[in-house]
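Just so it is clear: in the sequence shown, position 122 is 122 by our numbering, and no numbers are missing. Ideal Cβ placement from N, Cα and C applies to all residues, glycine included. See structure below.
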Amino acid sequence: MSSKTFKYLRREGALSQYCCVPSCKMSSRFNSVISFHSFPLNKETRKKWLQNIQREDCEVSPNIRVCSRHFRTDDFIEQSTPTSRRLLKKGAVPTLFTRSSSPVRTGLWRRRRIPPPLKQDPVPTGFQHQEHDYCSSLVQDHLEVDETEVLRKEFERLKRQVALSVLQRFCLGRFAASDDDIRFYTRFATYNHLMAFWRLIEPVSHNMFRVTRVRTATRQSMQPIDEFFLFMVHLSVGLTERDLAHRFNIYQSAVSPIITSWASFLYAILGSVRIWMSEEAVKAHMPKEFQNYPDTHVVIDCIELRCKTPTSLLLQGEGSHCTYKGLIGMAPHGAVTFVSSVCAGSVSDKELLKQSGIVSFLKPEMAIMVKKGFFIDNYVPCKVYRPSCLLKQEKMPAEEVRETQSIAQLRVHIERLIGRVKQHKLLDTVIPLCDTRTINQLYTVACLLINYQNGPLLKAWAND
Numbered sequence: 001m002s003s004k005t006f007k008y009l010r011r012e013g014a015l016s017q018y019c020c021v022p023s024c025k026m027s028s029r030f031n032s033v034i035s036f037h038s039f040p041l042n043k044e045t046r047k048k049w050l051q052n053i054q055r056e057d058c059e060v061s062p063n064i065r066v067c068s069r070h071f072r073t074d075d076f077i078e079q080s081t082p083t084s085r086r087l088l089k090k091g092a093v094p095t096l097f098t099r100s101s102s103p104v105r106t107g108l109w110r111r112r113r114i115p116p117p118l119k120q121d122p123v124p125t126g127f128q129h130q131e132h133d134y135c136s137s138l139v140q141d142h143l144e145v146d147e148t149e150v151l152r153k154e155f156e157r158l159k160r161q162v163a164l165s166v167l168q169r170f171c172l173g174r175f176a177a178s179d180d181d182i183r184f185y186t187r188f189a190t191y192n193h194l195m196a197f198w199r200l201i202e203p204v205s206h207n208m209f210r211v212t213r214v215r216t217a218t219r220q221s222m223q224p225i226d227e228f229f230l231f232m233v234h235l236s237v238g239l240t241e242r243d244l245a246h247r248f249n250i251y252q253s254a255v256s257p258i259i260t261s262w263a264s265f266l267y268a269i270l271g272s273v274r275i276w277m278s279e280e281a282v283k284a285h286m287p288k289e290f291q292n293y294p295d296t297h298v299v300i301d302c303i304e305l306r307c308k309t310p311t312s313l314l315l316q317g318e319g320s321h322c323t324y325k326g327l328i329g330m331a332p333h334g335a336v337t338f339v340s341s342v343c344a345g346s347v348s349d350k351e352l353l354k355q356s357g358i359v360s361f362l363k364p365e366m367a368i369m370v371k372k373g374f375f376i377d378n379y380v381p382c383k384v385y386r387p388s389c390l391l392k393q394e395k396m397p398a399e400e401v402r403e404t405q406s407i408a409q410l411r412v413h414i415e416r417l418i419g420r421v422k423q424h425k426l427l428d429t430v431i432p433l434c435d436t437r438t439i440n441q442l443y444t445v446a447c448l449l450i451n452y453q454n455g456p457l458l459k460a461w462a463n464d
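Structure below.
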């Protein structure tokens with residue numbers, strides 16, 4: 001090899017340093033990996049250095065150095081950066097030395113352990129010399145950096161694989177970054193609204209029986225939050241059981257039990273919360289729109305639900321009703337404060353009012369607001385605000401016209417509230433037969449969820 005070749009390897013701008021250990025030929029002239037360390041100032045430590053390198057008669061000077069190959073890895077102070085200067089710990093002593101002046105040199109990247117010879121030379125008395133610990137050099141440190149880089153890349157690959165798996169699966173995590181998708185599939189305004197509600201019910205959700213715990217019934221075990229998401233998709237989008245089974249990768253026979261279980265669970269949890277407000281609370285939240293009717297405590301209206309009837313003529317004769325009717329009450333500021341059970345669609349509004357049980361909550365000092373033609377003055381113990389009807393009168397007085405218009409404008413809010421309930425597409429279409437046995441739970445849950453899904457009713461809300 002020509003001298004010209006060595007010029008490319010030579011360290012520029014630094015004096016050459018050599019290791020004073022016998023048989024060690026390390027030099028800093030062509031090696032920027034090995035570090036060289038001067039003798040310590042402490043006399044006892046310096047004496048140990050000289051004894052270990054077997055040069056007790058050596059005269060120590062500032063230029064005499066010992067290379068890093070004779071120290072263990074834990075003798076060095078941890079570096080802040082890979083390029084920092086390596087420093088020895090206080091009291092560190094060289095302990096690693098070669099036994100032969102011409103050791104077998106193996107490849108840097110293909111190191112292998114050399115088996116010991118059959119006949120070993122007796123170890124001399126005194127300090128025991130060991131083979132070089134190449135881990136103490138920066139070469140091994142570079143190897144460890146390379147291994148760390150490989151592990152980091154493997155971690156990133158697995159992370160991308162998991163993210164891709166989540167994106168391919170139909171679950172809540174897939175739509176967490178899109179509030180528009182969350183609103184479409186669950187009717188919650190944002191992902192934060194949904195997670196805030198989930199944190200309220202999650203502690204008690206573990207006590208309910210979950211169908212997907214039975215492995216024979218499903219292709220995969222679903223997390224509780226994904227079962228809740230499946231229920232919300234069914235209620236909000238109205239997807240069929242077959243469609244839900246394909247999307248969530250579960251058997252179709254497991255979809256109906258999941259919906260039934262979560263409908264009953266949410267019906268019990270939300271139904272246990274008192275939503276009827278006291279007079280003080282209603283007045284504290286009274287909006288300025290009701291300033292002409294300050295004693296209004298609740299605005300009520302009826303909701304009709306269409307239900308699919310059996311195809312059998314015999315069964316149709318036994319149950320001819322194809323609609324259900326429910327009563328909903330709203331506080332003036334827009335919160336749902338009363339939800340009745342559903343009744344057959346043939347029941348009158350007056351009978352539905354009596355069966356709902358809302359009359360027991362009304363007091364003489366309160367007032368309720370109802371729709372036109374809802375004559376219930378004789379059934380409630382309080383004042384009733386109702387738009388006037390033009391019966392046999394040829395012309396309505398101007399005062400009644402203004403009052404009718406004012407009440408009609410306020411009753412728009414209860415219609416908007418019913419519109420929010422009907423935004424759960426399952427209730428706005430013909431309800432399938434599989435949901436008729438839980439129609440009361442589904443309707444009640446849809447009404448009660450309004451208090452958690454959106455912002456205040458009397459403020460502007462997109463797509464209302």
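- Within the model, the alpha-carbon separation for residue 279 versus residue 205 is close to 33 angstroms.
- For residue 336, the enclosing beta strand (DSSP E) begins and ends at 336 to 339.
- When the beta-carbon positions are compared, residue 411 and residue 299 come within less than 9 angstroms of each other.
- Between the stretch 432 to 446 and the stretch 398 to 418, the count of Cβ pairs shorter than 8 angstroms is below three; the stretches do not touch.
- Taking every protein chain shown into account, the CB of residue 340 has 16 or more other CB atoms within 10 angstroms, so this residue is buried.
- Within the same chain, Cβ atoms closer than 7 angstroms to the Cβ of residue 262 are found at 227, 228, 231, the five residues on either side in sequence being excluded.
- Counting along the chain, no alpha helix (DSSP H) covers residue 26, and no H or E run does either.
- Cβ neighbours of residue 454 within its own chain (closer than 6 angstroms, five residues either side excluded): 189.
- By the Cβ neighbour-count rule, residue 16 is exposed, with fewer than 16 other Cβ atoms within 10 Å of its own.
- In the DSSP assignment, residue 300 falls outside any alpha helix (DSSP H) and lies within the beta strand (DSSP E) extending over 296 to 306.
- Contact between the stretch 408 to 422 and the stretch 230 to 248 is absent, with fewer than three C-beta pairs closer than 8 angstroms.
- A Cβ-Cβ separation of about 3 angstroms places residue 345 in contact with residue 323 under the 8 angstroms criterion.
- Taken through DSSP and simplified to helix, strand or coil, residue 344 comes out as strand.
- Measuring C-alpha to C-alpha distances from residue 282 to each of 251, 304, 367, 327 identifies 367 as the nearest.
- In the structure shown, residue 19 adopts extended strand secondary structure according to DSSP, grouped into three states.
- Going by C-alpha positions, residue 297 is about 6 angstroms away from residue 331.
- Pairing residue 70 with residue 148, the inter-Cα distance amounts to about 26 angstroms.
- When DSSP states are grouped into helix, strand and coil, residue 53 belongs to the coil group.
- Runs of the alpha helix (DSSP H) lying entirely within the stretch 403 to 456, each at least 4 residues long, are 425 to 428, 439 to 448, 450 to 453 in chain order.
- When rounded, the separation of the alpha-carbon atoms in residue 353 and residue 291 is 26 angstroms.
- Secondary structure at residue 68: helix, using DSSP grouped into helix, strand and coil.
- Within the same chain, 45 come within 7 angstroms of residue 91 by CB-CB distance, once the 5 residues on both sides are set aside.
- In the three-state DSSP reduction, residue 246 falls in the helix class (H, G or I).
- Around the C-beta of residue 77, fewer than 16 other C-beta atoms lie within 10 Å, and the residue is accordingly described as exposed.
- The beta carbon of residue 267 sits closer than 7 angstroms to those of 441, 444, 445, all from its chain and outside the five residues before and after it, given in chain order.
- Linking residue 58 to residue 74 through their CA atoms gives a straight-line distance of about 27 angstroms.
- Going by DSSP, residue 225 is part of the alpha helix (DSSP H) stretching over 224 to 237.
- Counting of Cβ neighbours within 10 angstroms places residue 171 among the buried residues, the total reaching 16 or more.
- Taking every protein chain shown into account, the CB of residue 386 has 16 or more other CB atoms within 10 angstroms, so this residue is buried.
- Assigned with DSSP and collapsed to three states, residue 184 falls in helix.
- Put simply, the backbone Cα of residue 349 is about 35 angstroms away from that of residue 255.
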